[in-house]
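Line order of the protein sequences matches chains R and F. Residue 177 in my numbering sits at position 177 of the first sequence; the count goes up by one each step and never skips. Position in the second sequence (first residue = 1) + 288 = my numbering.
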Amino acid sequence: MQAVRYARASSVDEAITMLREGGETARVLAGGTDVIVQARERRRHIDLFVDIKHIPELMSLTLDAGGGLTVGAATPLYRVYGDAEVTRRFSALAESTHVIGGTAIQGRASLGGNLANASPAADSIPAMIALGAVARVAGPAGPREVSVADFCTGPGRNVLQPGEFITSIHFPARPAGSGSAWERFIPRNEMDIAVVNAAVSLTLAGDVVTEARFSLGAVAPIPLSVPTAAEALVGRPLTDATIAAADEAAKAAATPISDMRGTIRQRKHLSAVLTERVIRRAVERARA
Amino acid sequence: MVSTEKPQYRVIGTSPVRPDGVDKVTGRAEYGADIKLEGLLYGAVLRSPHAHAVIKRIDTSKAAALPGVKAVVINADFPAQASGDLDLGEGRANPMWLVDNVLAGSKVLYHGHAVAAVAATDLHVAEDALALIEVEYEVLPAVIEVREAMLETAPVLHPELRTNVRARGAPAAADRPTNVALHMRVEKGDVAAGFAEADVVIEREFTTSQFHQGYIEPQNATAFWNRDGEVTVWTSTQGAFSVRDQVAALLKVGVGHIKVVPMEIGGGFGGKINVYLEPVAALLSRKTGRPVKMWMPRADVIRATGPTSSTFNRVKIGAKKDGTITAIHAYLAYAAGAYPGSSVGAGVSCATAPYSLDNVLIDGFDVVTNTPKTAAYRAPGAPASEYAVEATLDEVAEALEMDKMDLRLKNAAKEGATNAMGQPLAKIGAVEVMQAVKSHPHYTSEIQGEDIGRGVAMGFWFNGGMETSSSATVYQDGTVGLVLGSTDIGGTRASLAMQLAENLGLTMEDIKPQVVDTDTVGYTAVTGGSRTTFAGGWVAYDLGEDIKKRLVDRAARIWSVPVDQVRYEDGGVSGPAAEDGSARRLSFQEIAGKLQGSGGLIAVSATSRRNTQGAAFAGHIVDVHVDRETGKVSILRYTAIQDVGTAIHPAYVEGQIQGGVVQGIGMALNEEYYYDDEGHMLNASLLDYRIPVANDVPMIETVLVEVPNPGHPYGVRGVGEVPIVPPQPAIRNAVADAIGVKLYHTPMTPARILDELLPRE
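The following block contains the structure:
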């Protein structure tokens, strides 16, 4: 690791200024569970860390009156899954954040960091996509909003422009009759990177699925939205056949590679298996 | 515990808290990473990005010129080495190859092979300097897989290498470059005749991946080469004397000028016997005149120390309808890594050792590959060959429609029978262990549930004897200092102190064991080969006998009575009744208090080179569930039954067994070295090299069968290694039982199991 400078921002505007002055080798520092490791291993050259953990709004977790959820970009994950309302209403998000790293990591790691790191296998991103989350971004050109589904552009790459950073993730309110679920497959029982992960959020009116959003991770260069799986369910009564059609659509949407964490065949197969599992769990929750 | 014949002990068989326990749980124990010395420099190693390449040119001038850099070394800084043979205890080394492994010579032979090293005022400067070293490589094709390396068309690692044929009846090796360093053979009886007699003959082929020991503490070394030519090395090692001898050989310095200080060790499992950083740190210290500290990043530990061989094994077994095995023929090919010297010899010796056989033929091959030079790993060589035999045996039992334990019991090795090498077996608990497996409630219970299966497998390991020295001093307060040359990996301070306490009639807490450097105790071979509690126990016993004899002499002098009227008993000395009729009796503590005034304190030393260690034998039972949708195996229940001789400290014996099982589960299910087509090792982290995590394994039940070793005063057998042998075949056999799919490769990853379960493409 080379020598680095550290600066602590106390407001979004101050962070913007610091990042502008730091130039291309400045990076925001939230939990640091990715960027510090990358700097230590010389995979990323960083001269300045701008610590955003002392900006109150970036460390917040707010359920608004309308039922929407806003999570500060640097809010540690334990606060996300540790919130009973989040767990009940945004189950997929709670499930995914609960298994990222161990307890020590969860005291530091954040949704903003997991999203900005843009790993194809990131655990929280499919949950955010399924829940229709929007990333709120600040930068020298002013604030903007980007759908999480459109945020990643490739492994480790995202839509952020120089000097921009995520301030919060906003989750829209959950309609009545909604349920969500997230699951990953790993060879061990803990402390692993997903071979495949999958998330769904769906809304039921009686037996008919009125709305559904699917996402898959680790099966493409970016966490995928899978609208074809939603099309297999929406407007139809929930049956083994429609669920199977959604599974097949997920499998067809997956374009994985073979690497040390899994094979193409295994990942395509698991895309269907996990899609089925999250549908059934989300349905249970929607009906509860 | 199942006990056959066991004397009443007072200390042996209890589980006191280890003498080093408080320091370890409070973080005060000193490991290599804790060393701080005046003027300390930090070293870092440049490693090869290629699996096989000629080093055309190295230019270290820019690195040497970087401010803060004090020295740069490459292979040419070491003295030239001729071929030779160093005994490392559990394994051997040729200094000519060892030096090239420590820093590459004319070629790099694996991804991660050390090429140059830098010492600088801090680690970050040293790392910056590595990036300034210019190395020009001519990249060569690499060969990773053992069977490919054996082909005549394979890339050749060492053009001068010729096959050493130690196989009676095999053709002489051709005089041409080859990767096959050794062809060995053991033969007993006539396998052709044996197969002709058989009613069933099953032949199967197996492969195993490369596995790493997975010790948590990385390799580290600090060295100081003083101006007077004396060298001190602080390191994490299983054998301080082994490090001393290797460093002496590589630096061509007399062993009397090298002192190795063994620090506490955070795991080794065989991987901390060979040197990697120690001679490099010493060279850097000689160049700078300052102490140099080095430690390996985790990726280097995985990529560039000594994992196991990957192997290819073919086993053919013939049996009669009644279960009698008529012949076994095995072909074992072990990848040695970059330099010759795999553990195939032990693989050959152990392959069929659980069984008494009339006809056996085993061919073993030691083959160099573009992978890190293999090192010892817990029962080195045995897991792969015994896996192949135990898995094939299961298929024989199936073909004969015979209970799997009945088949094994029918052929169990018994005292007096001879092994494949024709050597007679000493008293061995094979039958006792097999009977304990067969009658265990785990084995006799019903399997309930879908996709759940049960497997059994046996394991054998011969254990080590070798040389151990110790000294002891009786202090005037009645405590006894015990000076040990064996580094304490598995609780040996406790197990050795307990044996001395037993002999003297004291408590373990009365004995003060300490592990010391190579200048302070006599030669002691490595903590390895499951030998330390055996051999160190013999020495502790000998020390106790000597102390008792001297105390008896002293008491006779104090009492002015003939020596033959004084006895050592119940933790003290007793003599004839005094003239006034009172008993003459001094407790150990009382006579210890009188030593200074009656001829001085007592200090004794002893050395043992006994090879009566007795073999170790284990039988494991495992239940697994296989998720047919994902191919994932869950271990539901595990029972490990083992002949432990005498369990000196039963809790630590149980811990050794459980630890071995956990490592074996890792090999069975998820651990493997993953190489790309060019031979780059890609999963060099504990994230992607998947050793089991705590919730991957159930509580492992142990059954300690005690068949005392007649070659030891307390019946000790080594216990540490054999428990890693049965898990791979036991779990493989359980998976087959659960889902009807027989696998022929470990690890049995979810992807491999899914490949078998999904429809053929």
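Think of the CB as a built atom: it goes at the ideal place given N, C-alpha and C, for glycine as much as any other residue.
Output the boundary residues of the alpha helix (DSSP H) element that contains VAL1007 of chain F. Note, VAL1007 of chain F: premise wrong, no alpha helix (DSSP H); not H, not E.
On the DSSP bridge assignment, give the partners of ASP654 of chain F in chain order. F:LEU470, F:TYR622
PRO237 of chain R, DSSP secondary structure in three states: strand
With DSSP run on the structure shown, which of helix, strand or coil describes ARG454 of chain F? strand
For ALA641 of chain F, collect the residues of the same chain with a Cβ closer than 6 Å to its Cβ; drop the 5 residues on either side in sequence, then sort them by chain order. ASN707, PHE748
Identify, in the order they occur along the chain, each residue of the same chain with its Cβ nearer than 6 Å to the Cβ of GLU989 of chain F, setting aside the five sequence neighbours on each side. THR927
C-beta contact flag for GLY737 of chain F and ALA1026 of chain F at 7 Å: no
Whole-Å CB distance - LEU411 of chain F paired with ALA332 of chain F, under 8 Å assumed: 6 Å
On the DSSP bridge list, what partners appear for LEU883 of chain F? In the DSSP output, where bridge partners are listed per residue, LEU883 of chain F has none listed.
Which residues in the same chain as ALA592 of chain F place their Cβ atom closer than 6 Å to its Cβ, once the five residues preceding and following it in sequence are excluded? GLY400, PRO660
Cα-Cα separation, GLN501 of chain F to VAL725 of chain F: 28 Å
Which residue or residues does DSSP assign as beta-bridge partners of TRP182 of chain R? R:ALA199
Alpha-carbon to alpha-carbon, GLY954 of chain F and ASN601 of chain F: 20 Å
Which stretch, first to last residue, makes up the alpha helix (DSSP H) that contains ILE16 of chain R? 12 to 22
Report the rounded CA-to-CA distance for MET1036 of chain F versus GLN946 of chain F, giving the unit in angstroms. 20 Å
Could you check whether the Cβ of PHE185 of chain R sits closer than 7 Å to any Cβ belonging to chain F? yes
Would TYR977 of chain F pass as a contact of ALA626 of chain F if the rule is Cβ separation under 7 Å? no
For ARG40 of chain R, decide whether its Cβ has a neighbour in chain F, counting only Cβ atoms nearer than 7 Å. no
Quick one: list the residues of chain F neighbouring HIS269 of chain R, beta-carbon separation under 7 Å, in chain order. LEU1042, LEU1046
To the nearest angstrom, report how far apart GLY863 of chain F and LYS294 of chain F are at their CA atoms. 29 Å
Give me the residue from R:SER11, R:GLY101, R:GLU231, R:ALA3 with the minimum Cα distance to VAL981 of chain F. R:GLY101
For ALA249 of chain R, I'd like the list of residues in its chain whose CB is within less than 6 Å of its CB, leaving aside the five on either flank, ordered along the chain. THR228, ALA229, ALA232
Tell me the rounded alpha-carbon separation between ALA404 of chain F and ALA392 of chain F. 8 Å
Using the DSSP secondary-structure output, state which residues sit across from PHE214 of chain R in a beta bridge. R:VAL200
Using a beta-carbon distance cut-off of less than 8 Å, what residues from the stretch 186 to 219 of chain R approach chain F? PRO187, ARG188, ASN189, GLU190, MET191, ASP192, ILE193, VAL195
Please check the pair GLU755 of chain F and TYR811 of chain F, which I expect to be a contact at CB under 8 Å, by giving their CB distance rounded to whole angstroms. 6 Å
Would you mind listing the beta strand (DSSP E) stretches within the stretch 309 to 342 of chain F that are 3+ residues and don't spill past its ends, in chain order? 329 to 335
CB ALA624 of chain F to CB VAL589 of chain F, shorter than 7 Å? no
Quick check: what's the CA-CA separation for GLN161 of chain R versus VAL146 of chain R? 12 Å
Could you tell me which whole beta strand (DSSP E) segments of length 3 or greater appear in the stretch 555 to 642 of chain F? 580 to 583, 599 to 607, 613 to 625
Output yes if chain R places a C-beta closer than 7 Å to the C-beta of VAL1029 of chain F; else output no. no
Out of R:THR263, R:LYS251, R:GLU183, which has the shortest C-alpha to C-alpha gap to ARG281 of chain R? R:GLU183
Specify, as a first and last residue, the run of the beta strand (DSSP E) that VAL549 of chain F falls within. 546 to 550
Candidates R:PHE171, R:ASP240, R:LEU274, R:SER201: closest to VAL219 of chain R by CA position: R:LEU274
With a Cβ-Cβ cutoff of 7 Å, do TYR78 of chain R and PHE49 of chain R count as a contact? no
C-alpha gap between LEU1059 of chain F and MET693 of chain F, whole angstroms: Any answer about residue 1059 of chain F is impossible in this case: the structure gives chain F only from 289 up to 1049.
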